[in-house]
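In the working numbering, the protein residues as written are 4 to 207.
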């Protein structure tokens with residue numbers, strides 16, 4: 004029911020996006036329910052600035068360190084830096100993962116309860132960890148928590164989607180992105196997903 008309502012809203016406020024929705028077809032973003040929030044955030048850190056395939060390869064190597072199971076915070080604290088580097092993590096990402104593991108292990112960050120927080124609370128909690136910026140937090144809210152009203156205005160794919168949709172000569176500025184995103188509220192996640200998919204459509 005929510006999806007039908009969301010798509011009706013998006014078609015009303017932006018007929019051009021409505022045409023994209025018609026071409027792309029059904030909304031297929033399903034929040035990832037497996038594992039813990041900690042596992043998912045580690046996966047998000049691993050995937051920063053990497054293609055999906057490269058991120059998947061490195062994450063599989065991380066899982067292999069525990070025989071295929073997601074390592075727990077205590078495991079990451081025990082892993083030597085060299086072991087994580089050998090799995091493919093950059094030195095900076097090793098620092099980020101270890102800090103996340105330390106704070107989760109000692110209980111100074113309530114990462115296992117982010118599903119109980121509102122969007123602002125999730126953002127504040129996640130960005131308090133070094134190496135987790137707004138974009139990573141938004142990806143967690145969209146792909147882990149299934150929040151319906153997240154618009155990653157700094158995401159290059161979403162920016163390119165808007166540029167293509169509005170036939171803009173240049174990529175939209177952050178201020179333009181924020182303004183356009185507001186028109187899609189309270190269903191910005193749906194809009195972002197269709198903007199990503201629009202880049203895969205053949206030219207008309």
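Backbone N, C-alpha and C define an ideal beta-carbon position, used for all residues, glycine too.
Under the three-state reduction of DSSP output, residue 180 falls in the helix class. Annotation for residue 54: no alpha helix (DSSP H) segment contains it, and DSSP assigns it neither H nor E. When C-beta atoms of the segment 24-35 are compared with those of the segment 54-68, fewer than three pairs fall below 8 angstroms, so the two segments do not count as touching. Following the DSSP letters along the chain, one finds residue 167 inside the alpha helix (DSSP H) bounded by residues 159-168. If you ignore the 5 residues before and after residue 200, its C-beta comes within less than 6 angstroms of the C-beta of 27, all in its own chain and listed in chain order. Runs of the alpha helix (DSSP H) lying entirely within the segment 102-162, each at least 4 residues long, are 122-130, 137-146 in chain order.
Within a 10 Å sphere around the beta-carbon of residue 192 sit 16 or more other beta-carbons, which makes this residue buried.
With a beta-carbon spacing of about 7 angstroms, residue 23 and residue 168 fall inside the 8 angstroms limit used to define contacts. Excluding the 5 residues flanking it on each side, residue 21 has same chain C-beta neighbours closer than 6 angstroms at 14, in chain order. One thing to note: residue 125 has its Cβ no nearer than 8 angstroms to the Cβ of residue 142.
According to the DSSP assignment, residue 21 belongs to the alpha helix (DSSP H) that extends over 18-27.
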